[in-house]
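Asker: Here's a structure for you.
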């Protein structure tokens, strides 16, 4: 992993203009921020810099305004939630470059925190245009990236600016990178990966990378059906990408070649309807009702999965084992998650998880705070698991 500088290497910050890239792309429903997790995660960096007398200038994006101002995607309505969450007065500038930004910055006192308007209101942001990066850099003396969730994008505020100013990782970025290093960078073996979700097609690169790095790969969710079908199992009306049978077989071959145990369900919870409380039965995977759908892995499969977790020193988790959103098809995910949390709390396991559905599933199981690290970075976490370079991280070297 990239060697990067942290806030520990920064001194004499009083009066310095510190540009901090944060992720404020939070979920908003009916005008209300429904989850402040990403804001909470950047608070330590902001308060540390402010406490040392820096003038803290925040850069962030919100939504996809396609390079032009869109009033409905302004960061101004979110600024009040940020102010409340970090418990510090927050100033706002109606643009991220030019005279508007310059004036707001000139009025800052030491320790002040200022939020600039959505960087994606300018086409130069997503194009990583050199001139736009230079205009952003003109706002500060130092650059801090605390937005791992945007680190897979080579944008002006995540990559371009890091080459123009002294660049450092914020505390959240630092914690994420250190956790990921323990997960797949330099992990303690045995390493077990759990990958779930609906479709194999969305995680081909991920699966191909993992079978070369982990000791066991547990496949759950709808994608397990594709592997079962590729082995000749009749999965009834279960979600299944039959056209990817050859791909599934190739992944199995790669796993065998790399001495990676590929763990598939041996039993499943089957129903004829996809709804909460639907009549269901637990059967062996070779006894699926032709009209049935596998909506969760069964207890025998969970026992096998937990046996692997029990042997592991490192666990990397992305995606639920079943349709966890509706009962009773959340059972396998909850049971495995709670066992992993127990192993973690006993000091026997380093557990790293990430991805939107994964975070929701772990929170549903009541163990979101009990894993070693849970990443809120969907795309960046997935690309890290796929072994792809992350421009925003590499630029901090």
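In our numbering, the protein residues as written are 610 to 1006.
Idealized CB from N, CA, C, for every residue including glycine.
Would you mind giving the Cβ-Cβ distance between residue 804 and residue 793, rounded to the nearest angstrom? I have them listed as a contact below 8 Å.
Answerer: Your numbering for residue 804 matches position 195 in the chain shown. Your numbering for residue 793 matches position 184 in the chain shown. That pair is no contact at about 13 Å.
Asker: Pull up the DSSP beta-bridge partners for residue 923, would you.
Answerer: Looking up residue 923 in the chain shown gives position 314. In the DSSP output, where bridge partners are listed per residue, residue 923 has 800 and 959.
Asker: Using the rule of at least 16 other Cβ atoms within 10 Å of the residue's Cβ for burial, across every protein chain shown, is residue 883 buried or exposed?
Answerer: As a working mapping, residue 883 is identified with position 274 in the chain shown. Classification for residue 883: exposed.
Asker: Tell me the rounded alpha-carbon separation between residue 625 and residue 984.
Answerer: The count along the chain shown starts at 1 and reaches residue 625 at position 16. The count along the chain shown starts at 1 and reaches residue 984 at position 375. Computed Cα separation, rounded: 30 Å.
Asker: On the CB-based measure, 16 or more other CB atoms within 10 Å of its CB, does residue 850 come out buried or exposed?
Answerer: Position 241 of the chain shown, counting from 1, holds the residue named residue 850. Classification for residue 850: buried.
Asker: Measure how close the beta-carbons of residue 905 and residue 877 come, nearest whole angstrom, since I'm counting them as under 8 Å.
Answerer: Position 296 of the chain shown holds residue 905. Position 268 of the chain shown holds residue 877. Rounded, the Cβ-Cβ distance is 7 Å, consistent with contact.
Asker: I need the DSSP call for residue 823, collapsed to helix, strand or coil.
Answerer: Here residue 823 refers to the residue found at position 214 of the chain shown. The answer is coil: DSSP assigns residue 823 none of H, G, I, E or B.
Asker: Can you give the Cα-Cα distance for residue 765 and residue 669, rounded to whole angstroms?
Answerer: If you number the chain shown from 1, residue 765 lands on position 156. If you number the chain shown from 1, residue 669 lands on position 60. So the two alpha carbons sit approximately 11 Å from each other.
Asker: Closer than 8 Å is the cut-off here; do at least three beta carbon pairs connect the region 821-831 with the region 915-935?
Answerer: Taking 8 Å as the limit for Cβ pairs, the verdict is that the region 915-935 does touch the region 821-831.
Asker: Report the CB separation of residue 628 from residue 749 in whole angstroms; it is logged as a contact under 8 Å.
Answerer: Translated into the one-based positions of the chain shown, residue 628 becomes position 19. Translated into the one-based positions of the chain shown, residue 749 becomes position 140. About 4 Å separates the two Cβ atoms, so the contact holds.
Asker: Quick one, which of 756, 781, 784 and 785 has its alpha-carbon nearest residue 771's?
Answerer: Along the chain shown, read from residue 1 onward, the residue named residue 771 stands at position 162. Nearest C-alpha to residue 771: 756.
Asker: Report all residues from its chain with a CB closer than 6 Å to the CB of residue 887; omit the five preceding and five following residues, and keep chain order.
Answerer: The residue labelled residue 887 in the question sits at position 278 within the chain shown. So the qualifying residues of the chain are 880.
Asker: Checking 9 Å against the spacing of the C-beta atoms, do residue 769 and residue 726 come in under that value?
Answerer: Looking up residue 769 in the chain shown gives position 160. Looking up residue 726 in the chain shown gives position 117. Cβ atoms of residue 769 and residue 726: not closer than 9 Å.
Asker: Hey, residue 682 and residue 689 are a contact pair by Cβ (cut 8 Å); roughly how many whole angstroms apart?
Answerer: Translated into the one-based positions of the chain shown, residue 682 becomes position 73. Translated into the one-based positions of the chain shown, residue 689 becomes position 80. 16 Å between Cβ atoms; not a contact.
Asker: Here's the rule I'm using: 16 or more other beta-carbon atoms within 10 Å means buried, otherwise exposed. How should residue 761 be labelled?
Answerer: Residue numbering aside, residue 761 sits at position 152 when the chain shown is read from its first letter. Looking at its Cβ environment, which holds 16 or more other Cβ atoms inside 10 Å, residue 761 is buried.
Asker: Mapping the DSSP letters down to three states, classify residue 639 as helix, strand or coil.
Answerer: For the purposes of this step, residue 639 is identified with residue 30 of the chain shown, where counting begins at 1. Reduced to three states, the DSSP call for residue 639 is coil.
Asker: Could you give the distance in angstroms between the alpha-carbon of residue 902 and the alpha-carbon of residue 848?
Answerer: Here residue 902 is taken as the residue at index 293 of the chain shown, counted from 1. Here residue 848 is taken as the residue at index 239 of the chain shown, counted from 1. Residue 902 and residue 848: Cα-Cα distance of roughly 7 Å.
Asker: Of all the options 612, 802 and 741, which has the alpha carbon lying nearest to the alpha carbon of residue 773?
Answerer: Translated into positions along the chain shown, residue 773 becomes position 164. If we check each option's Cα against that of residue 773, 741 comes out closest.
Asker: Determine the extent of the alpha helix (DSSP H) in which residue 1003 is found, giving its start and end residues.
Answerer: Locating residue 1003 in the chain shown gives position 394, where the first residue counts as 1. Here the alpha helix (DSSP H) through residue 1003 covers 1000-1003.
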